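My numbering applies: residue 648 is where the sequence shown begins, and numbers increase by one.
Report on one structure; see the data block that follows.
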Amino acid sequence: MKKIGFLSFGHWANHPSYQTRTAADTLIQSIDLAIAAEEIGLDGAYFRVHHFAAQLASPFPLLSAIGAKTNQIEIGTGVIDMRYENPLYMVEDASAADLISGGRLQLGISRGSPEQVIDGWRYFGYEPKDGETDADMGRNKALEFLDKLNGEGFAEPNPFPMFPNPPGLLRIEPHSEGLRNRIWWGAASNATAVWAAENGMHLQSSTLKYDENGKPFHIQQAEQIRLYKEAWKKAGHQHEPRVSVSRSIFALVNDQDKYYFGNQGKGSDSFGNIERDKRAIFGKSYAAEPDKLIAELAQDEAIQEADTVLLTIPNTLGVDYNIHILSSILQHVAPELGWR
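Below, the structure written as structure tokens:
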């Protein structure tokens, strides 16, 4: 059995073929999609976070709205770039969203990826400390976020407060019990996957990672997951680790599917540079008739190692068609692979 969720990049543009022409379209349709996904039995609704782009960027209002309108589906991100965040303010926002949803938040964070503008976090008022890189800054903010989620008091109370204080140091409010154990780290390398395990975070591994040995993508990703699990066991955490992998998977069950995605399944892994000195490997998309799709996915070692599969969706094609995509996987593919 595996949990199956969708991952939306939340694009919009004033394009005649798009169902999402504006930011408002994307936000409202994201809520509607999560509601409909819950109704068909999907396990998770996850959203990317990108700044300075015509894509979803501020996750907590959206996650809170989805949490208020759904009852069971996990809601999360994949991922929040911590270089842009105030960790303490983020504790408030994340805890509020988690409480609204009844404890269903699965929050993916990371040190961040290349963005639309140069050092975009500087415009948000953040600078690395002396001797820090921006990656260091992102990871250090993540550790502070995790620490404050524990709910321990740390702030000296005012002796003349507006309202009475409880005794001792004060913590950030609201506090959501258990959220600390539902934070995920988006890792692009084996080393950061191990670091995530050491710090008690679940692992999100996407459709790309740094190329560390030239092997096929799914094998490199499976190796990353195994290293993560070993590090988790060694760290001795009390809660169970979870691992998600993202995939573009399309079951071709009608002519419209073939028109949109018929050529995508003919590709293979590819290589590129997401940073100047970092060679990355990008996993292929899967698109085929269900029987062929089942045979191909059964050979994906990383999917076998993961407990959660996040299906990347073309959100610009609208809610109805994306529910068709997800339903096709649930009905025609997941049962035969033992995901259901």
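Ideal Cβ positions, reconstructed from N, Cα and C, are used throughout, including at glycine.
From a predicted model like this one, the values you see are computed outputs, not experimental measurements.
According to DSSP, is residue i part of a helix, a strand, or is it coil?
i	result
Asn-984	Residue 984 is actually Leu in this sequence, not Asn. In this structure, Leu-984 counts as helix in the three-state DSSP scheme.
Tyr-773	coil
Arg-894	strand
Ser-975	helix
Tyr-665	coil
Ser-917	strand
Thr-854	coil
Val-900	coil
Glu-721	strand
Leu-689	coil
Ala-944	The sequence given here places Leu at residue 944; Ala does not occur at that position. It is helical.
Leu-826	helix
Ser-836	coil
Ile-950	helix
Phe-699	coil
Asp-766	coil
Looking at the strands, I want to know which residues DSSP matches up with residue i.
i	result
Ser-757	Asp-728
His-849	Trp-831
Tyr-736	The partner list for Tyr-736 (beta bridge, DSSP) is empty, contrary to what the question assumes.
Arg-926	Asn-920
Gly-750	None; Gly-750 has no bridge partner.
Phe-694	Ser-655, Thr-724
Val-956	Ile-651, Val-892
Ala-844	DSSP lists no partner for Ala-844.
Ala-802	Leu-817
Evaluate residue i with the Cβ neighbour count: other Cβ atoms within 10 Å of its Cβ, from every protein chain shown; 16 or more gives buried, anything less gives exposed.
i	result
Arg-801	A small correction: the amino acid at residue 801 is Phe; Arg does not occupy that position in the sequence shown. So Phe-801 ends up on the exposed side.
Arg-923	exposed
Val-892	buried
His-865	buried
Val-764	exposed
Met-648	exposed
Ile-687	exposed
Gln-885	exposed
Phe-694	buried
Lys-931	buried
Gly-825	exposed
Gly-772	exposed
Phe-699	exposed
Glu-887	exposed
Tyr-770	exposed
Leu-816	exposed
Could you give the first and the last residue of the continuous alpha helix (DSSP H) run that contains residue i?
i	result
Leu-964	Leu-964 -> no alpha helix (DSSP H), and no H or E assigned at all.
Leu-709	706-716
Thr-671	The displayed chain sequence assigns Ala, not Thr, to residue 671. That run of the alpha helix (DSSP H) goes 670-686.
Gly-785	781-796
Ala-882	864-882
Considering only residues of the same chain and omitting the five flanking positions on each side of residue i, which have a CB-CB separation below 7 Å?
i	result
Ile-713	Ile-678, Ala-681, Ala-692, Ile-722
Asp-947	His-865
His-979	Ala-898, Val-900, Pro-937
Leu-964	Gln-666
Thr-669	Trp-659
Arg-829	Leu-752, Gln-753, Leu-754
Pro-706	Phe-694, Val-696, Thr-724, Ile-727
Near residue i, what residues of its chain come up, given a Cβ to Cβ distance below 6 Å and the 5 sequence neighbours on each side ignored?
i	result
Gly-785	Met-729, Arg-730, Arg-758, Gly-759
Gln-951	none
Phe-897	Phe-908, Ala-934
Asp-781	Arg-730, Pro-775
Arg-987	Ala-981
Ser-823	Ser-742, Asp-745, Leu-746
Ala-843	Trp-832, Ala-834, Leu-850
Ser-836	Tyr-857
Start and end of the beta strand (DSSP E) containing residue i?
i	result
Lys-649	Taken as a continuous stretch (DSSP letters only), Lys-649 belongs to no beta strand (DSSP E), as it is neither H nor E.
Ile-819	Note, Ile-819: premise wrong, no beta strand (DSSP E); not H, not E.
Ala-934	933-935
Excluding sequence positions up to five away, which residues of its chain have a Cβ less than 8 Å from the Cβ of residue i?
i	result
Phe-918	Asp-858, Arg-926, Ala-927, Ile-928, Phe-929
Glu-739	Ile-819, Glu-820, Pro-821
Glu-685	Ala-692, Thr-717, Asn-718, Gln-719, Ile-720
Leu-703	Ser-655, Phe-656, Gly-657, Thr-673, Leu-674, Ser-677, Phe-694, Arg-695, Val-696, His-697, Leu-709
Would you say the beta carbon of residue i comes nearer than 7 Å to a heavy atom of the ligand ADP?
i	result
Lys-881	This structure lacks the ligand ADP, and indeed carries no ligand of any kind.
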